[in-house]
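Engineer: Going by my numbering, the first residue of the sequence shown is number 5, and it counts up by one from there.
Backbone N, C-alpha and C fix where the C-beta goes; we use that ideal spot for every residue, glycine too.
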Amino acid sequence: MDLQVTDRVYVITGGARGLGRATADVLVAEGARVVLSGRSAETLAGAAEALGESATTVVADNADPDTPARLIAAAADTWGRLDGALISVGGPPVGPVAGERGISDEQWTTAFESVFLGAVRLGRDLGGAIADDVEETGGGALAFVLSSSVRAPLANMAVSNGLRPGLAMVAKTLADELGPRGVRVNGLLPGRVGTERVAELDEASGDPAAARAAAVRGIPLGRYGEPAEFGRVAAFLLSPAASFVSGAMVPVDGGMLRAL
Ligand SMILES: NC(=O)c1ccc[n+]([C@@H]2O[C@H](COP(=O)([O-])OP(=O)(O)OC[C@H]3O[C@@H](n4cnc5c(N)ncnc54)[C@H](OP(=O)(O)O)[C@@H]3O)[C@@H](O)[C@H]2O)c1
5 MDLQVTDRVY
15 VITGGARGLG
25 RATADVLVAE
35 GARVVLSGRS
45 AETLAGAAEA
55 LGESATTVVA
65 DNADPDTPAR
75 LIAAAADTWG
85 RLDGALISVG
95 GPPVGPVAGE
105 RGISDEQWTT
115 AFESVFLGAV
125 RLGRDLGGAI
135 ADDVEETGGG
145 ALAFVLSSSV
155 RAPLANMAVS
165 NGLRPGLAMV
175 AKTLADELGP
185 RGVRVNGLLP
195 GRVGTERVAE
205 LDEASGDPAA
215 ARAAAVRGIP
225 LGRYGEPAEF
235 GRVAAFLLSP
245 AASFVSGAMV
255 PVDGGMLRAL
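Following this line, the structure appears as C-alpha cells:
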C-alpha cells in the first residue's frame with residue numbers, strides 16, 4: 005500500500021525521541037518532510053542528522069503559547085505547506101491522587117499546561133493552518149498521542165487518568181469541527197511501547213525487571229511494543245491512505261486494554 009505522503013509536510017511535536025521520532029522515521033522513509041520540535045536542541049540535532057534534508061527542527065515547549073505559530077511558520081518557511089501533525093509530549097508525573105505521594109496542585113497545573121492545554125492549542129492552531137483545498141491536497145490530518153488511560157485507568161498514574169480522557173473528547177470535537185474542511189482528527193492509545201519514557205517508568209518502580217514482567221503479563225501478545233510498530237500506525241492515520249478514518253481512538257497496545 006502506498007501511503008501517498010511523498011512531499012507532504014508534517015509537524016511532529018516531541019519528535020526527537022520516542023513515539024514522535026518513530027513516527028517521523030516512517031513518514032520520512034515514505035517520502036514526507038517533517039518539522040520536529042522538542043525542548044532539547046541537542047536531541048533534536050541528533051534526530052535531524054539521522055533524518056537528513058527531509059527534516060527541520062524547532063526548539064519549542066508544547067506548554068508555550070507561542071509554539072503553534074512558530075511551528076506553522078517553520079513548515080511554511082522551509083517547505084511551503086502543511087499537511088498534518090502528530091501531537092506528542094513528555095509523559096506526565098507518576099503518582100496517586102491522594103495520600104502522602106499524591107500529585108500536588110503544582111504538578112497538576114504544570115501537567116495541564118503541557119499535556120492538555122498545549123495539545124489543545126496545537127490541535128486548534130495547526131488544524132486551522134492546514135490548507136482546506138481537499139481536491140488539491142488530498143486533505144490533512146492531526147493525530148494526538150494519548151494513552152490507554154483514555155479508556156481504562158492506569159495504576160499510580162493519576163494525571164494521565166485525569167487528563168487523557170478529556171483530551172480524547174477534545175480531539176473528537178475537533179474532528180467534528182475540522183471534518184468539513186477535509187482535516188481528519190484521530191487519537192492514538194499506546195499501551196506499553198518500549199521508549200525511554202517506559203524504561204524510566206520501569207526504573208522508578210525500583211525493580212525494572214519485575215515491573216516489566218508484571219506489565220507483560222497483562223499484554224496478550226506477551227511483550228512490549230517496538231516504537232516502529234507505533235510509528236507505522238501513526239503514519240498511516242496521518243496519511244491519505246486513511247482518508248475515511250476520523251474521530252477514532254486507536255489502541256496500539258498488543259491487546260492490553262480491557263475495554264473495546
Ligand atoms: N511509550 C508508551 O508506551 C506510552 C504509553 C502511554 C502513553 N504514552 C505517552 O505518549 C507520549 C510520548 O511518549 P514517549 O514514550 O515517546 O516519551 P519519550 O520517550 O519520553 O519522548 C518524549 C518526547 O517529547 C519531548 N518532550 C517532552 N516534553 C515536551 C514538551 N513540554 N514540549 C515539547 N516536547 C516535549 C521529549 O524531548 P525533550 O525532553 O527534549 O523536550 C521527547 O522527544 C507521552 O505523553 C507519554 O505519556 C506513551
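Closest to Gly122 by C-alpha separation, out of Pro231, Arg168, Asp65, Thr199, would be which residue?
Structural biologist: Reading the sequence shown from its first residue, position 118 is the one you call residue 122. Taking only the C-alpha atoms, the option nearest Gly122 is Asp65.
Engineer: Any contact between the segment 41-49 and the segment 10-26? By contact I mean 3 or more CB pairs, one from each, below 8 Å.
Structural biologist: Judged by Cβ distances under 8 Å, the segment 41-49 makes contact with the segment 10-26, as three or more pairs qualify.
Engineer: Using a threshold of 7 Å, is the CB atom of Gly95 nearer than that to any non-hydrogen atom of ligand 1?
Structural biologist: The residue labelled residue 95 in the question sits at position 91 within the sequence shown. Yes, the beta carbon of Gly95 sits closer than 7 Å to at least one heavy atom of ligand 1.
Engineer: Using only CA atoms, which one of Glu117, Met260, Phe148 lies nearest to Leu178?
Structural biologist: Numbered from 1 along the sequence shown, position 174 holds the residue referred to as residue 178. Of the candidates Glu117, Met260, Phe148, the one whose C-alpha sits nearest the C-alpha of Leu178 is Phe148.
Engineer: Let me check understanding here. Comparing Cα to Cα, which of Gly191, Ala238, Ala159 lies closest to Ser209?
Structural biologist: Taking the sequence shown and counting its residues from 1, the one referred to as residue 209 is at position 205. Looking at the Cα atoms, Ala159 is the closest of the given residues.
Engineer: Looking at the unbroken alpha helix (DSSP H) that takes in Ile76, where does it start and where does it end?
Structural biologist: Here residue 76 refers to the residue found at position 72 of the sequence shown. 71-83 is the span of the alpha helix (DSSP H), which, as asked, contains Ile76.
Engineer: Here's the rule: buried if 16 or more other CB atoms are within 10 angstroms of the residue's CB, otherwise exposed. What is Gly226?
Structural biologist: As a working mapping, residue 226 is identified with position 222 in the sequence shown. Burial call: exposed.
Engineer: Secondary structure at Asn165, three-state DSSP: helix, strand or coil?
Structural biologist: Locating residue 165 in the sequence shown gives position 161, where the first residue counts as 1. Reduced to three states, the DSSP call for Asn165 is helix.
Engineer: Measure the beta-carbon distance from Ala28 to Leu55 and round it to whole angstroms, keeping in mind my assumption that it falls under 8 Å.
Structural biologist: Along the sequence shown, read from residue 1 onward, the residue named residue 28 stands at position 24. Along the sequence shown, read from residue 1 onward, the residue named residue 55 stands at position 51. Right, their Cβ atoms sit about 6 Å apart.
Engineer: For the alpha helix (DSSP H) containing Ala17, name the first residue and the last one.
Structural biologist: Residue mapping note: residue 17 aligns to position 13 of the sequence shown, counting from 1. Looking at the sequence itself, residue 17 is Thr, so the reference to Ala does not match. Per DSSP, Thr17 belongs to no alpha helix (DSSP H); it is in the beta strand (DSSP E), 13-17.
Engineer: Among the candidates Arg25, Asp11, Met260, Val249, whose CA atom is the shortest distance from the CA of Thr199?
Structural biologist: On the sequence shown, residue 199 is found 195 positions in, with the first residue counted as 1. If we check each option's Cα against that of Thr199, Arg25 comes out closest.
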